[in-house]
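**Student:** So the protein lines, in turn, are chains L and E. Under full-length UniProt numbering, think of the first position of the first sequence as 1, with each following residue one higher. Under full-length UniProt numbering, think of the first position of the second sequence as 1, with each following residue one higher. A virtual CB, placed ideally from N, CA and C, is assigned to each residue, including glycine. Structure below; questions to follow.
2 protein chains.
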Amino acid sequence: MASEEVPAKRQKSAKDVPYHLIYWPSLPGRGEHIRLVLEEAGAEYTDTAHIKDGVNEVLAHINGEAPDDGINTPFFAPPILQHGDLVINQTPNILQYLGTRLGLVPDAESDPDGVYRVNGLALTALDGLSNEPHDCHHPIASGLYYEDQKPESKRRSEDYVKVRLPKFLGYFERVLNSKASGDGPWLYGGRLTYADIVLFQCLDGVKYMFSKAMAKLESEGEHPKVFALYDAVKERPRIKAYLESPRRQKYGLGIYRHYDELDIEL
Amino acid sequence: MASEEVPAKRQKSAKDVPYHLIYWPSLPGRGEHIRLVLEEAGAEYTDTAHIKDGVNEVLAHINGEAPDDGINTPFFAPPILQHGDLVINQTPNILQYLGTRLGLVPDAESDPDGVYRVNGLALTALDGLSNEPHDCHHPIASGLYYEDQKPESKRRSEDYVKVRLPKFLGYFERVLNSKASGDGPWLYGGRLTYADIVLFQCLDGVKYMFSKAMAKLESEGEHPKVFALYDAVKERPRIKAYLESPRRQKYGLGIYRHYDELDIEL
């Protein structure tokens, strides 16, 4: 009977499809963390950044026209991940969903709570090395242009580079020196998790935005394990191939921006 | 044999103990979301806010002296939750851990991915109605005093009250009007989840900080379902009892602050 076939079919379709990332085209932004996790896992996915008129899909979601399917709530902002019937947003939330499905969290049998430790590390990286850099060029209002808040941006960037950035890098160095990080270059449990991938992408963005301070820290041997983690993620074969592919978009007017006047010397 | 008894004992001790919240004493802050979830569930817990010299425990964690137990990584900032052998931080992370254990997420059998929808809503409430209000009085640097960034705070608060706050409240009204929210006053699936408790606490703080704008919105009938959710959470018997108890601390110099000059008219 048709009425019985529908739910069964739906059940199957719910997970037996590629992941679909809904995010602004033309810049890496917050979507990049999600792309890197999908790439590292070799997962099949589609991405509005590489679909003609993909931006319209983003707009439909933030205007409240989508998802409108009766099972998913509306979203405030992208990135949004669609996977069959499930549609979710919020970068750390999507990362946790993907990390759990794609083997980028601790083993669920031997360390069932490890996923919370990894999630805490990812949230801290996003707070300190993605949200705070964003606010360096938009300290007053995300809806205004950078040009409308330049003196405030300069002041905030000075504080960020001299106070916050070393504090966050020092924190991750402490994590990498803790017993809980285990062997190898990774943050937790001696294995690659999505928190490492998030930290890599954050460091990559901060290197672009605050190039002078980061070059100085690296050349002076400050936070050596943090920079070693960066290199280790960058050399993962699938991530390396992705970074060299046209799928990797250039930084532009997104989270990480390069303005000479904000590229503060340490 | 002793060597076999140890892990078994440890396994038991790991979860058969009260929850322990490690957070700054004397203000609600980010810890308040966690307290409200514990209170709603009637869970047994201890709280450094109400322990003599509890602040030393917070300091030991952010100085890197704790946890130092070989299994948990160091933490950047509180709130921190200890539950037996597990120690985790980051507000949304702790909320998800507690929500899952205390029945404040969707039913795992009938809606296994619902926890991600709830997590997305909680993260959005924390972004827009907790982190952004905090930055209204600290737009330049969290390490400086408010008095050192007053003009910038005024400018940011003007934008927040006129642009961001109505946008976030409008968003949650849309969620409450969506089919996915289900019956009753709740955000998702027709039942109370930790996202509702988070939204309540955020609204409570914003009412304190931006009292004029919130009073106007409420009296003019804007976002009626958002304000109805606020009332519904406040009337939960255990939450009501908690709010009337001495355990509920007064707002002070935390996330939500009342400065007359930032209490912008809408």
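Are there 16 or more other CB atoms within 10 angstroms of the CB of E:Tyr256, so buried, or fewer, so exposed?
**Tutor:** By 1-based counting over the second sequence, the position of residue 256 of chain E is 256. With 16 or more other Cβ atoms within 10 Å, it is buried.
**Student:** Examine chain L for any beta-carbon lying closer than 7 Å to the beta-carbon of E:Lys179, and answer yes or no.
**Tutor:** Position 179 of the second sequence, counting from 1, holds the residue named residue 179 of chain E. Output row for E:Lys179: interface = yes.
**Student:** Check for me: the alpha helix (DSSP H) holding L:Leu169 runs from which residue to which?
**Tutor:** On the first sequence, residue 169 of chain L is found 169 positions in, with the first residue counted as 1. That run of the alpha helix (DSSP H) goes Leu165 to Asn177.
**Student:** In whole angstroms, give me the CA-to-CA distance for L:Leu21 and L:Leu81.
**Tutor:** As a working note, residue 21 of chain L is residue 21 in the first sequence. As a working note, residue 81 of chain L is residue 81 in the first sequence. One C-alpha to the other measures close to 5 Å.
**Student:** Touching or not, the segment 42-49 of chain E and the segment 239-252 of chain L, by the rule of three or more beta carbon pairs under 8 Å?
**Tutor:** No, the segment 42-49 of chain E is not in contact with the segment 239-252 of chain L.
**Student:** Could you name the residues that DSSP lists as bridge partners for L:Val87?
**Tutor:** In the first sequence, counting from the first residue as 1, residue 87 of chain L sits at position 87. Partner(s): L:Gln82.
**Student:** Measuring alpha carbon to alpha carbon, tell me which of E:Lys154, E:Asp159, E:Phe227 and E:His33 ends up nearest E:Tyr242.
**Tutor:** The count along the second sequence starts at 1 and reaches residue 242 of chain E at position 242. Measuring from the Cα of E:Tyr242, the nearest candidate turns out to be E:His33.
**Student:** So which residues on chain E does L:Thr193 lean against when the C-beta distance must stay under 8 Å?
**Tutor:** Start at 1 with the first residue of the first sequence, and residue 193 of chain L comes out as number 193. Within chain E, no residue comes near L:Thr193; the closest Cβ sits about 11 Å away, beyond 8 Å.
**Student:** Pick from L:Asp53, L:Gly189, L:Glu109 and L:Pro112: whose alpha carbon is nearest that of E:Ile71?
**Tutor:** On the second sequence, residue 71 of chain E is found 71 positions in, with the first residue counted as 1. Considering only alpha carbons, the answer is L:Gly189.
**Student:** If you measure from the beta carbon of E:Tyr256 to each beta carbon in chain L, is any gap under 7 Å?
**Tutor:** To locate residue 256 of chain E, count along the second sequence from 1; it is residue 256. No, its Cβ sits nowhere closer than 7 Å to a Cβ of chain L.
**Student:** Label residue 267 of chain L either buried or exposed according to how many other C-beta atoms from any shown protein chain fall within 10 Å of its C-beta, with 16 as the threshold for buried.
**Tutor:** This structure gives no information on residue 267 of chain L, because the portion of chain L shown stretches from 1 to 266.
**Student:** Near L:Ala60, what residues of its chain come up, given a Cβ to Cβ distance below 8 Å and the 5 sequence neighbours on each side ignored?
**Tutor:** As a first step, residue 60 of chain L is located in the first sequence; it is residue number 60 there, counting from the start. Only Ala66 meet the Cβ criterion.
**Student:** Should E:Gly70 be flagged as near chain L, meaning a C-beta pair shorter than 7 Å?
**Tutor:** The residue you call residue 70 of chain E lines up with position 70 of the second sequence. Interface residue, yes.
**Student:** What is the DSSP secondary structure of L:Asp111, reduced to helix, strand or coil?
**Tutor:** Indexing the first sequence from 1 puts residue 111 of chain L at position 111. Looking at L:Asp111 - three-state DSSP - the assignment turns out to be coil, as it is neither helix nor strand.
**Student:** Per DSSP, which residues does E:Thr46 bridge with? Please list them.
**Tutor:** The sequence position of residue 46 of chain E within the second sequence is 46, counting from 1. Paired residues: E:His20.
**Student:** If you reduce the DSSP assignment to three classes, tell me which class L:His61 lands in.
**Tutor:** The residue given as residue 61 of chain L occupies position 61 in the first sequence. Looking at L:His61 - three-state DSSP - the assignment turns out to be helix.
**Student:** Does the segment 84-94 of chain L come close enough to the segment 112-129 of chain E to have 3 or more Cβ pairs within less than 8 Å?
**Tutor:** The segment 84-94 of chain L, when compared against the segment 112-129 of chain E, does touch it at the 8 Å Cβ threshold.
**Student:** Let me see if you follow: with CB-CB separation under 7 Å, is L:Glu44 close to chain E or not?
**Tutor:** For the purposes of this step, residue 44 of chain L is taken as the residue at position 44 of the first sequence. No, L:Glu44 does not count as interfacial toward chain E.
**Student:** Go ahead and pull the three-state DSSP assignment for L:Arg247.
**Tutor:** One-based indexing of the first sequence puts residue 247 of chain L at position 247. Residue state, collapsed to three classes: coil.
**Student:** Which of helix, strand or coil does DSSP assign to E:Val105?
**Tutor:** By 1-based counting over the second sequence, the position of residue 105 of chain E is 105. If DSSP states are grouped into helix, strand and coil, E:Val105 belongs with coil.
**Student:** Against L:Gly120, what residues of chain E qualify as contacts under a CB-to-CB distance less than 8 Å, listed in chain order?
**Tutor:** The residue given as residue 120 of chain L occupies position 120 in the first sequence. Here the neighbours are Thr73, Phe75, Ile88, Asn89, Gln90 and Asn93.
**Student:** Tell me the residue span of the alpha helix (DSSP H) that contains E:Tyr188.
**Tutor:** Position 188 of the second sequence, counting from 1, holds the residue named residue 188 of chain E. Note, E:Tyr188: premise wrong, no alpha helix (DSSP H); not H, not E.
**Student:** Once DSSP output is grouped into helix, strand and coil, what is the label at E:Lys52?
**Tutor:** Taking the second sequence and counting its residues from 1, the one referred to as residue 52 of chain E is at position 52. Coil.
**Student:** Please classify E:Arg238: is it buried, with 16 or more other beta-carbons within 10 angstroms of its beta-carbon, or exposed?
**Tutor:** Locating residue 238 of chain E in the second sequence gives position 238, where the first residue counts as 1. Looking at its Cβ environment, which holds fewer than 16 other Cβ atoms inside 10 Å, E:Arg238 is exposed.
**Student:** What residues from chain E crowd round L:Gly97, counting only those whose CB sits closer than 7 Å?
**Tutor:** Within the first sequence, residue 97 of chain L is the residue found at index 97, counting from 1. The question names Gly, yet the displayed sequence has Tyr at residue 97 of chain L. Near L:Tyr97 (Cβ distances below 7 Å), the residues of chain E are Tyr116.
**Student:** Taking Cβ positions only, does E:Gly31 come closer than 7 Å to chain L?
**Tutor:** Here the question's residue 31 of chain E lines up with position 31 in the second sequence. E:Gly31 does not count as touching chain L.
**Student:** Closest to E:Phe227 by C-alpha separation, out of E:Tyr194, E:Leu253, E:Gly170 and E:Leu266, would be which residue?
**Tutor:** In the second sequence, residue 227 of chain E corresponds to position 227, counting from 1. Among E:Tyr194, E:Leu253, E:Gly170 and E:Leu266, the Cα nearest to that of E:Phe227 is on E:Gly170.
**Student:** Use the C-beta contact count for L:Asp68: other C-beta atoms within 10 angstroms, 16 or more gives buried, fewer gives exposed.
**Tutor:** As a first step, residue 68 of chain L is located in the first sequence; it is residue number 68 there, counting from the start. That one is exposed.
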